[in-house]
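Everything below concerns the one structure shown next.
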Amino acid sequence: MRLAISSFAAALLLVGASTAAGQRPAIGAAAPLPVVRDLAGSERSLKQLAGHRGLVVLFWAGWSERSIEELRRLDDVAPEMAAHGVAVAAVSVERFDLDEAEKTRLHDRVQRLNLRVPVFVDRGLELFHAYGVVTIPSTAVVDANGRLSYFLFGYSHEQREELFDAIDAIAGIARKPAPAAALKAAPAALRRVQLGRLQLSQGHEAPARSSFEEAVKADATFPDPLVELAALALDSNDFRGARELLDRATALDAAHVGVQRERARLAALTGQIVPAQAALEELIAKGGDSTTAAYLGYLLHAAGDDRRAMTAFDRAKEISGVDPRSYGAMDPSPAGAAAKAMTAYRREVAPGRR
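Quick note on my numbering: the sequence shown kicks off at 679 and runs consecutively.
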């Protein structure tokens, strides 16, 4: 029933929008920045909310999966954007008007999403129509002069990076060459890796692979996407492909945690259990990450060393908040179960990897 209601709401929004589609301000024209209401019912001026370099306005709804995906990503990068003078306003266009029960549901959804960006309600869909929105999500990028710099209908894989490039442009990010010693990775490559990890955690392997491949193209000196592609190769037992990718990543940064971690997994999957355990233990002693600790725990558990395995699992949970013991896989072989659990846990914690 909720699906039917959501579909009906979407249809009403789009029908209403069709009459306003031609009213969207042209690129370079003044952007509508009226007063809106936050979830507490207080009025806020979008003009005052904007940072000194601009504002990103996201039109979203809880019934739109793409909306939630974009909202999460904007929320992830909001602190960096704020540091560069760009604010974000997430405008809910759930309904033409919300009754008290719907307001409560919206508030609960925002709480579950644990958002940092401010969320507003578009009463009567006034802002929705002012921008001539015809699909959800849609996103407006407003520059420092209050003019519409960019507008994105939808959130397709093909166009979403253009949106973040447009945000970078008004923020002055990635347009100023950094000193060679300080340059770590191209912002576009970082964004694509972040997107790929999010897609992977949601079970979308093919789009994730594409995002990692695009990240390699965006910055051939960045080892992270090569490591992620190598890990995907290991997931499918493509040991040769994984080794080639890890060799490329090693040439860029031999000390990279992900490179060493996935090399240890490659060793374990090809029968070199003892060297793999030793490599993971050494990596954890240097700091490591939650996935490294989980890998070690699964190998120790498969070998019957449950005491040390529990210590490793506790370490992984402490780092990521995700307990590796929840990802044990059914397999007649302890080694096979360990391999499947490694894949499941790595994908689950992917968005948190740095």
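Glycine is no exception: its CB is placed at the ideal position from the N, C-alpha and C atoms. Note that the structure is predicted; figures quoted are calculated from it, not measured.
Put simply, the backbone Cα of residue 1001 is about 33 Å away from that of residue 839. The stretch 911-926 makes no contact with the stretch 971-988: fewer than 3 CB pairs, one atom from each, lie closer than 8 Å. Beta-bridge pairing by DSSP links residue 722 to 714. In terms of Cβ geometry, residue 766 and residue 737 do not form a close pair [threshold 8 Å]. Using a Cβ-Cβ distance cut-off of 8 Å, the stretch 783-790 and the stretch 867-877 are not in contact, since fewer than three pairs of beta carbons, one from each stretch, lie closer than that value. Spanning the alpha carbons of residue 847 and residue 925 requires a straight line of approximately 35 Å.
For the pair residue 936 and residue 897, the CB atoms are not nearer than the 8 Å cut-off. In this structure, the straight-line span from the alpha carbon of residue 998 to that of residue 808 is close to 43 Å.
When C-alpha distances from residue 864 are compared across 887, 893, 775, the shortest belongs to 893. Check the Cα spacing between residue 810 and each of 821, 703, 881: the tightest is with 703. Contact check between the stretch 815-831 and the stretch 774-782: fewer than three CB pairs, one atom from each, fall below 8 Å, which does not count as touching. Taking the Cα of residue 782 as reference, the smallest distance to any Cα among 741, 718, 814 is reached at 718. Secondary structure at residue 782: helix, using DSSP grouped into helix, strand and coil. Collapsing the DSSP output to three states places residue 774 in coil. Looking at the DSSP output, residue 817 shares a beta bridge with 736, 830.
About 6 Å separates the Cβ atoms of residue 974 and residue 959, confirming a contact at the 8 Å cut-off.
Around the beta carbon of residue 795, 16 or more other beta carbons sit within 10 angstroms, so the residue counts as buried. Straight-line measurement puts the Cα of residue 804 at about 46 Å from the Cα of residue 899. The Cβ atoms of residue 927 and residue 942 do not sit closer than 8 Å to each other.
Put simply, of 709, 708, 724, 707 the residue whose alpha carbon is nearest the alpha carbon of residue 715 is 724.
Residue 790 sits exposed, since fewer than 16 C-beta atoms from the chains shown fall within 10 Å of its C-beta. The criterion of a C-beta distance shorter than 8 Å is not satisfied by residue 957 and residue 971. Cβ contact annotation for residue 866 (same chain, cutoff 6 Å, sequence separation greater than five): 896, in chain order. Distance from the CA of residue 1027 to the CA of residue 968, rounded to the nearest whole angstrom, comes to 8 Å.
Excluding sequence positions up to five before and after residue 799, its CB lies within less than 6 Å of the CB of 715, 770, all in the same chain and listed in chain order.
Closest option to residue 991, judged by alpha-carbon separation, among 753, 744, 1019: 1019. DSSP, read as helix, strand or coil, puts residue 933 in coil. When 733, 1016, 953 are compared, the shortest CA-CA separation from residue 827 is found for 733. Judged by DSSP in its simplified three-state form, residue 812 adopts coil rather than helix or strand. Beta-bridge annotation (DSSP): residue 769 is paired with 737, 798. Sequence-distant partners of residue 1025 (beyond 5 residues in either direction) whose C-beta falls short of 7 Å from its own C-beta, in its chain, are 878, 879.
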